[in-house]
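K.L.:
Chains as they are written, first to last, in our numbering: chain P, 1 to 209; chain U, 1 to 168.
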Amino acid sequence: MKSNMNMQILAVVMTGLLFYSCAGKKEAPLPIFGEREVVGSDTVFHTIADFEFVNQDSVIVNNKTFANKIYVADFFFTSCRTICPIMKTQMLRVYDSIKSDPEVLILSHTIDPEYDTVALLRDFAERLGVKSEKWHFVTGNKDDIYKIAQTSYFATAMEDKSEPDGFIHSGAFLLIDKEQRIRGKYDGTKEEDVNRLMGDIERLKREYQ
Amino acid sequence: MRGKSIHDLITKPRRNAGLMLLPFAIIMMLLPACSAKDGREKNNNSAKFDQYYIQGEELYLNHCSNCHQKDGSGLGLIYPPLNQSDFMDNNFTKVICLIRHGQRGEIIVNGKNFNKEMPAIPTLTDLEIAEIATYIYNTWSHQRGIVAVKEVSVILSTCQKDSTSAHK
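1. What's the call for U/Ile-99, buried or exposed, on a 16-neighbour Cβ count within 10 Å?
2. In or out: P/Tyr-115 buried (at least 16 other Cβ within 10 Å) or exposed?
3. On the three-pair Cβ rule with 8 Å, is the segment 97 to 105 of chain P touching the segment 62 to 75 of chain P?
4. I need the DSSP call for U/Ile-146, collapsed to helix, strand or coil.
5. Go through its chain and collect everything with a Cβ distance to P/Phe-75's Cβ below 6 Å, but skip five positions before and after it.
6. Express the C-alpha separation of P/Arg-203 and P/Asp-42 in angstroms, rounding to a whole number.
7. Can you tell me where the beta strand (DSSP E) with U/Phe-92 in it begins and where it stops?
8. What does P/Val-130 pair with, by DSSP beta-bridge criteria?
9. Cutting at 6 Å between CB atoms, please list the residues of its own chain near P/Lys-185, excluding the five before and the five after it.
10. For U/Leu-75 and P/Pro-85, what's the separation of their Cα atoms in angstroms?
11. Is there at least one Cβ from chain P nearer than 8 Å to U/Cys-64's Cβ?
12. Touching or not, the segment 124 to 143 of chain U and the segment 53 to 61 of chain U, by the rule of three or more beta carbon pairs under 8 Å?
13. Kindly provide the ranges of any beta strand (DSSP E) runs that are 3 or more residues long and lie completely inside the segment 41 to 106 of chain P, ordered along the chain.
14. Between U/Leu-75 and chain P, is there a C-beta pair that is closer than 8 Å?
15. So that I know if they touch, is there some Cβ in chain P lying closer than 8 Å to that of U/Pro-80?
Okay, here's the thing in structure tokens:
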């Protein structure tokens, strides 16, 4: 009986501590990725370079499409049998969580633009059952896609004929804020990491409130 | 056996919080195990079935689950589901053939159209295909029982090698 009493006291103390720690702490902002420069009194952060691609509706998609939006970016191709199907399953979870949220968009770039035509991307998006204005599947000049992947999003994307699918690419999901800065990088093949991403989207939204 | 031991624990005098929580912990641990084994326990308890099923699960995770998902739910209208599938129910021989030879062209699963090429896996042996079939046909909603290698070999010898007609 005595040990039972001790347990109860412990439980009360623990619960108290939990509430204290939650209430007392202000939420820290998400980190900002990439190099930064101090110019005068301002810090200039790494941002996504200007781009222009075409989406599944043949509509031009560029930085303006994402102006004042939070978005999640990734790199894939429709014929990929390795990690992409898992990434798309996970991105679909993200889509479901933000589909009625006007602040958040998704941008998936194909890294195989020769095969992944607009028509093919359109079929893919329709078969996933997602709306083009929310989830853009883009194609474009191959070098432009590889360049933006590597230099803007710090994601790996290149051709390699020795790979089973013919490409090397990372399964990363990148969280981009309204100033086009990278605020999070997640493994799009891992459910827990994608849970963290969905939490971070909400956290990032709170930064703008 | 397990049920009895839980009962014993619950009816014993409760000495401390740790022991009080023990039965719940055990129940929580048993829950996922029970649901995962559903098909197995209902169908066949033989060592051979277990061996096929365990090997089949590993092969499924290596070769199939990227697209069809670990839980067999598929993905949209891109990769068809296996967990509930009238195509699997009605086309057993076609399914055995397409595991080895792949699948090309339109198929209808649960009334929905799917049309993405599934690659062939020519390296799979007859036994491995039997193991995969045992796994997918005894998991989720399926309770077919063991799919023996003998049966699979007979079916595989009748498949048309051309993947475009393998499912016709």
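Cβ atoms here follow ideal geometry from the backbone N, Cα and C, with glycine treated the same way.
P.N.:
Quick look at the numbers:
1. Along the second sequence, one-based indexing puts residue 99 of chain U at 99. It is buried - the Cβ of U/Ile-99 has at least 16 other Cβ atoms within 10 Å.
2. The residue you call residue 115 of chain P lines up with position 115 of the first sequence. Exposed: under 16 other Cβ atoms inside 10 Å.
3. yes
4. In the second sequence, the residue the question calls residue 146 of chain U occupies position 146. Coil, per DSSP.
5. Here the question's residue 75 of chain P lines up with position 75 in the first sequence. Result list for P/Phe-75: His-109, Ile-111, Ala-149, Ala-155, Ala-157 and His-169, in chain order.
6. Taking the first residue of the first sequence as 1, we reach residue 42 of chain P at position 42. Taking the first residue of the first sequence as 1, we reach residue 203 of chain P at position 203. Rounded to whole angstroms, P/Asp-42 to P/Arg-203 spans 24 Å at the Cα level.
7. As a first step, residue 92 of chain U must be located in the second sequence, where it is residue number 92. That residue, U/Phe-92, is in no beta strand (DSSP E); its alpha helix (DSSP H) goes 92 to 101.
8. For the purposes of this step, residue 130 of chain P is identified with residue 130 of the first sequence, where counting begins at 1. For P/Val-130, which the question treats as bridged, DSSP gives no partner whatsoever.
9. Numbered from 1 along the first sequence, position 185 holds the residue referred to as residue 185 of chain P. Ala-172 and Leu-174, listed in sequence order.
10. Counted from its first residue, the second sequence places residue 75 of chain U at position 75. Counted from its first residue, the first sequence places residue 85 of chain P at position 85. Their backbone Cα atoms lie some 8 Å apart in a straight line.
11. For the purposes of this step, residue 64 of chain U is taken as the residue at position 64 of the second sequence. So, not an interface residue.
12. yes
13. 42 to 45, 52 to 54, 60 to 62 and 70 to 76
14. Indexing the second sequence from 1 puts residue 75 of chain U at position 75. So, interface residue.
15. The residue you call residue 80 of chain U lines up with position 80 of the second sequence. Answer no: the Cβ-Cβ gap between U/Pro-80 and chain P never drops below 8 Å.
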